[in-house]
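Reading the sequence shown from the start, the letters are residues 361 to 488 in the numbering used here.
See below for the structure under consideration.
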Amino acid sequence: MRWKLARGKWRPRLLDFVSSLDDAVVKSASQAAFLSLPDVSKAVLELTVLKGVGPATASALLAAYVPDVTRFMSDEAMEAVIGNSKDYSLKQYLVFVDKLQCKAKRFDLNKRCLFSSDPPSFPAKQRS
């Protein structure tokens, strides 16, 4: 939580909420979230049962665990992908993830079109 708060709007109550959580409850919620992947919606819901954890914080945890499936819902990324949105709901997070996954697929297709996995073959040089 300290990492997230250092990068966005300072919300001191969030740190209090998270600090008061029982380790076993955090472990249980985290395991349930990770096991529910690749269902991003369910994973976020599993983490947001923890007091002080909303979709943005859940996204930070999930992005650290599976960055190829989930994305961190940072202020900067949200603005770049969706526009000037301050809606940090699960619904908006799913739109955000979908847009980034579509963009990633487009880049992957472009990469495959531009680069071949087989190196070009050239005729062997003849020795004189």
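Quick reminder that beta carbons are idealized off the backbone N, C-alpha and C, glycines included.
In this structure, Phe394 sits near Tyr425, with a CB-CB distance shorter than 7 Å.
With fewer than 16 other CB atoms across the displayed protein chains lying within 10 angstroms of its CB, Glu439 is exposed.
Membership of Val400 in the alpha helix (DSSP H) is indicated by the continuous run 400-407. Going by beta carbons, Val404 and Ala420 fall outside the 7 Å limit.
Counting only the Cα atoms, Tyr453 lies some 21 Å from Phe467. Around the beta carbon of Pro398, a 10 Å sphere encloses fewer than 16 other beta carbons of the protein chains shown; the residue is thus reported as exposed.
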